[in-house]
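Number of protein chains: 2
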Amino acid sequence: MNAGVSVPNILMTTISDVARRAKVTTATVSNVITQRVPVSAKTRARVLEAIEELGYRPNLVARGLAQGKTSTLALVVPTISNPFFAEVVEEVERAADRHDYQLLLSMTHQSPEEGRRHLERMASRWVDGFIVMDMAADITDVLALADAGKAVVLCVWNQDPRAQRLPLVDIDFRLAGELATRHLLECGHRRIAMIVEEPVQWTRRQGFETALAQAGLAAPQEYIRQGDSSFESGYQAGLAFLALPQPPTAIFAGNDWMALGAIEAITHKGLAVPHDIAVVGVDDISQAAHAHPPLTTISIPKLELARTATELLLRRIQGKRMGASEEPIKILTNPHLIVRQSTARIS
Amino acid sequence: MNAGVSVPNILMTTISDVARRAKVTTATVSNVITQRVPVSAKTRARVLEAIEELGYRPNLVARGLAQGKTSTLALVVPTISNPFFAEVVEEVERAADRHDYQLLLSMTHQSPEEGRRHLERMASRWVDGFIVMDMAADITDVLALADAGKAVVLCVWNQDPRAQRLPLVDIDFRLAGELATRHLLECGHRRIAMIVEEPVQWTRRQGFETALAQAGLAAPQEYIRQGDSSFESGYQAGLAFLALPQPPTAIFAGNDWMALGAIEAITHKGLAVPHDIAVVGVDDISQAAHAHPPLTTISIPKLELARTATELLLRRIQGKRMGASEEPIKILTNPHLIVRQSTARIS
DNA sequence: CTGAAAGCGCTTACAG
DNA sequence: CTGAAAGCGCTTACAG
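Below is the structure:
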């Protein structure tokens with residue numbers, strides 16, 4: 001406890017210890033550390049030496065209390081078993097880290113009670129702001145948080161009108177549908193079908209229909225089939241298309257799993273992708289690149305999404321401290337086409 | 348903003364506000380909340396009413412400073428893009444939540460500098476304890492943390508002798524090898540091969556050889572092939588086994604990806620699994636159940652691992668506050684066999 | 001059972 | 001540039 005230079009910090013050394021040793025006030029030590037106020041080179045050196053000798057580290061909890069901020073932000077997601085959320089979490093941490101922010105992670109498993117409990121606890125000043133991802137919590141609870149003066153950013157939030165007044169960072173899925181469909185059109189296809197899980201994927205379908213319309217086309221009823229985003233439902237839809245009197249020459253699936261299912265169905269029926277039927281998905285899951293054939297798909301900008309949400313939140317936190325006015329903001333991030341071997345120019 | 352009962356908590360209400368309104372001291376309010384000291388029913392009711400009316404929530408940062416604890420623990424992992432870590436993180440959060448602990452998540456991407464920086468920051472009192480997973484940080488930094496009096500638990504740590512003095516929760520991979528091999532022996536196999544990535548999977552190989560020895564067998568040189576845990580390396584090893592003058596009738600792969608690769612090789616050569624050759628893996632990744640045929644494998648107890656590590660850490664934190672002595676502890680969690688259709692009794 | 005007071009370890013105007 | 005003092009919002013012995 002007092003054995004010469006290096007001190008055991010079981011009983012952590014405090015700013016007072018440093019002040020005493022450097023023969024200054026805690027205020028001066030604080031000024032040296034935060035560099036908020038200039039300090040003479042001489043005392044500055046003495047303080048730094050004392051810090052070094054004592055192995056002093058500021059207690060961030062105390063600082064947090066004094067400053068009224070924690071340099072921590074909460075990320076609320078339904079789960080990270082789903083790789084999509086895992087990647088977003090990973091990138092939010094990176095972005096936060098760049099601004100010296102830490103990440104308090106909360107998983108709600110889509111349970112409104114669990115979500116409420118977590119939000120409630122974190123709201124008690126532990127965090128400076130919140131990023132809440134789709135389905136992670138009840139919108140009512142999130143609104144309550146915002147009304148209590150907390151900085152909140154929504155990330156990918158499926159159209160709840162009450163969410164309108166909160167800042168939101170989302171993905172332009174309508175554009176995803178357009179990009180996929182336009183690509184197929186450019187490959188020369190005219191008979192294009194879609195597998196879609198509605199209502200969640202309805203904007204993708206909107207994009208699909210917009211692109212068709214721009215080419216003077218429209219999909220007949222039997223070219224649209226409902227799926228549930230699973231491999232199996234894509235497989236079934238694929239079979240159904242093949243059984244039509246005039247099957248499509250291309251299929252746009254609302255996500256990669258259904259696209260892979262459709263490919264499986266086509267292959268099982270003795271046809272070839274893309275030779276007989278071209279297929280494009282949405283997501284660019286890791287399996288897409290290793291499929292047979294590798295899947296053309298629309299890549300969702302997860303990383304950009306995460307970064308944008310984090311930076312928007314950080315600006316909001318900053319804004320709150322400055323007392324700035326807050327207009328609600330909507331930011332859409334753009335997906336892009338990745339061409340692989342499941343599509344090709346029609347021959 | 349000021350419409351009657353509900354008060355704007357932009358300027359958060361504090362314990363003093365409550366005390367004033369209930370005409371008591373902050374100490375009494377504190378006693379009502381923490382229930383540390385009995386309070387008369389009457390004042391208790393008055394205080395609760397005031398809390399309700401003001402919408403008061405205790406400031407956890409202030410409480411943390413006063414109590415010297417944050418009810419937060421740090422989980423340091425290399426990444427959560429890897430589903431193994433993602434699942435562990437998920438379960439640690441659950442376990443922590445049960446004890447009213449929050450989770451500060453840090454991903455180090457295997458960068459020692461990043462690891463050091465994160466540990467350093469979190470060590471400044473933000474967290475009560477640390478769970479550090481394999482490869483997430485330099486053992487030197489972790490030891491420094493422990494020496495500074497922090498509660499630390501290692502989780503799955505590949506044999507660094509310097510780590511010996513820290514508590515560790517690990518997986519018994521040797522048992523995994525034994526279980527897989529015994530299962531194949533019980534199916535009637537005598538010519539059993541192994542695909543292994545050494546050195547990381549050497550304990551699995553130990554288990555493999557132990558089980559064989561107990562059956563009075565030993566694997567010939569050419570029945571052991573090195574892989575790198577990838578699908579492709581399993582595929583290549585599978586081909587190599589099939590090219591032997593006397594191929595094995597069963598293959599134990601050090602992980603599921605290699606097992607799936609081996610199955611692909613066997614199928615491509617026109618043979619059937621399990622009829623001609625049985626295959627068993629390790630991990631039970633999600634693809635294992637959906638493979639053709641579904642893969643028999645050894646399931647790694649991720650959830651138990653996570654729970655055990657969390658509870659051990661919580662006990663350590665408790666222990667530190669009581670000033671208890673700390674013997675290093677090693678806990679091994681047991682994997683178990685999952686029989687699917689890639690193995691069957693020899694016919 | 002309740003109150004007065006000190007303390008947790010910082011920061012932040014304000015004097016000097 | 002430096003010090004003395006108050007304050008952040010709680011908790012915790014200690015009296016009464």
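Chain order of the listed sequences is A and B. Take the first sequence: its letter number 256 is residue 256 in this note's numbering, and every next letter is one higher. Counting from 1 along the second sequence, just add 347 to a position and that's the residue number in this note's numbering. Glycine included, every Cβ here is placed at the ideal spot set by N, Cα and C. Keep in mind it's a predicted model, so treat the numbers as computed, not measured.
Looking at the unbroken alpha helix (DSSP H) that takes in residue i, where does it start and where does it end?
| i | result |
| --- | --- |
| B/Asp603 | 603 to 615 |
| A/Arg205 | 202 to 214 |
| A/Ala291 | Premise fails: A/Ala291 is in no alpha helix (DSSP H) and is neither H nor E. |
List the residues of chain B that residue i touches, going by C-beta distances under 7 Å, in chain order.
| i | result |
| --- | --- |
| A/Met107 | Glu437, Glu440 |
| A/Ser81 | Ala433, Glu434, Glu437 |
Please list, in chain order, the chain B residues whose beta carbon lies closer than 8 Å to that of residue i.
| i | result |
| --- | --- |
| A/Pro301 | The contacting residues do not exist; A/Pro301 stays about 16 Å from chain B at best. |
| A/Thr70 | Val408 |
| A/Trp257 | Going along chain B, no residue has its Cβ under 8 Å from A/Trp257, so there is no contact; the nearest lies around 12 Å. |
| A/Trp157 | Residues of chain B passing the Cβ test: none, with the nearest at roughly 22 Å. |
Should residue i go down as buried or exposed, given a rule of 16 or more other Cβ atoms within 10 Å for buried?
| i | result |
| --- | --- |
| B/Leu591 | exposed |
| B/Asp494 | exposed |
| A/Asp228 | exposed |
| B/Thr644 | buried |
| B/Val755 | For residue 755 of chain B there is no data in the structure shown, the boundaries of chain B being 348 and 694. |
| B/Ile676 | exposed |
| A/Arg379 | This structure cannot settle anything about residue 379 of chain A, because the visible part of chain A is limited to 1 through 347. |
| B/Glu434 | buried |
| A/Glu49 | exposed |
| B/Val686 | exposed |
| A/Gly216 | exposed |
| A/Thr333 | buried |
| B/Gln506 | exposed |
| B/Ile398 | buried |
| A/Pro220 | exposed |
| A/Met1 | Residue placement at A/Met1 cannot be trusted, given a pLDDT of 31 that sits under 50; the coordinates are not used to answer. |
| A/Lys42 | exposed |
| A/Glu91 | buried |
| A/Ser106 | buried |
| B/Gly617 | exposed |
| B/Glu703 | Limits of chain B in this structure are 348 at one end and 694 at the other, which puts residue 703 of chain B out of reach. |
| A/Val152 | buried |
| B/Thr302 | Absent from the model: residue 302 of chain B. The displayed extent of chain B is 348 to 694, so no value can be given. |
| B/Gln457 | exposed |
For residue i, report the span of its beta strand (DSSP E) as first-last.
| i | result |
| --- | --- |
| A/Ser238 | First, the residue type needs correcting, since residue 238 of chain A is Gly and not Ser in the sequence shown. First-last for A/Gly238: 231 to 242, but that is the alpha helix (DSSP H), not the beta strand (DSSP E). |
| B/Gln688 | Where B/Gln688 is concerned, there is no enclosing beta strand (DSSP E), given that its DSSP letter is neither H nor E. |
| A/Gly227 | First-last for A/Gly227: undefined, no H or E at that position. |
| B/Leu679 | 677 to 680 |
| A/Ile251 | 250 to 253 |
| B/Asp630 | 625 to 630 |
For a contact defined as C-beta to C-beta under 9 Å, what are the partners of residue i on chain A?
| i | result |
| --- | --- |
| B/Ala470 | Arg57 |
What residues from chain A crowd round residue i, counting only those whose CB sits closer than 7 Å?
| i | result |
| --- | --- |
| B/Trp549 | Here the premise fails: no neighbours, minimum Cβ distance about 28 Å. |
| B/Gly411 | Val61 |
Run through chain A and tell me which residues come within less than 8 Å of residue i, C-beta to C-beta.
| i | result |
| --- | --- |
| B/Leu450 | Leu104, Leu105, Ser106 |
**Item:** Whole alpha helix (DSSP H) elements within the region 22 to 74 of chain A, 4-residue minimum
**Value:** As far as the region 22 to 74 of chain A is concerned, its whole alpha helix (DSSP H) runs of at least 4 residues are 26 to 34, 41 to 54, 60 to 67.
**Request:** Would you be able to state if there are at least three C-beta pairs under 8 Å between the region 93 to 103 of chain A and the region 296 to 315 of chain A?
**Result:** Output reads yes: the region 93 to 103 of chain A touches the region 296 to 315 of chain A.
**Request:** Could you pull out every unbroken beta strand (DSSP E) segment of at least 3 residues lying fully inside the region 77 to 112 of chain A, listed in chain order?
**Result:** 102 to 107
**Prompt:** Looking at C-beta atoms only, is the number of pairs between the region 531 to 546 of chain B and the region 509 to 523 of chain B that lie closer than 8 Å three or more?
**Reply:** no
**Request:** Ignoring anything shorter than 4 residues or poking outside the region 477 to 552 of chain B, list the alpha helix (DSSP H) runs there in chain order.
**Result:** Taking only runs of at least 4 residues, the alpha helix (DSSP H) segments lying wholly in the region 477 to 552 of chain B are 486 to 494, 520 to 533.
**Asked** Do three or more CB pairs link the region 257 to 276 of chain A to the region 229 to 244 of chain A at distances below 8 Å?
**Response** yes
**Prompt:** On the three-pair Cβ rule with 8 Å, is the region 171 to 183 of chain A touching the region 210 to 222 of chain A?
**Reply:** Contact holds: three or more Cβ-Cβ distances are below 8 Å.
**Request:** Indicate whether the contact test is met: 3 or more Cβ pairs, each with one atom in the region 458 to 477 of chain B and one in the region 411 to 422 of chain B, closer than 8 Å.
**Result:** yes
**Prompt:** Okay, do the region 139 to 157 of chain A and the region 105 to 123 of chain A touch, 3+ Cβ pairs below 8 Å being the bar?
**Reply:** yes
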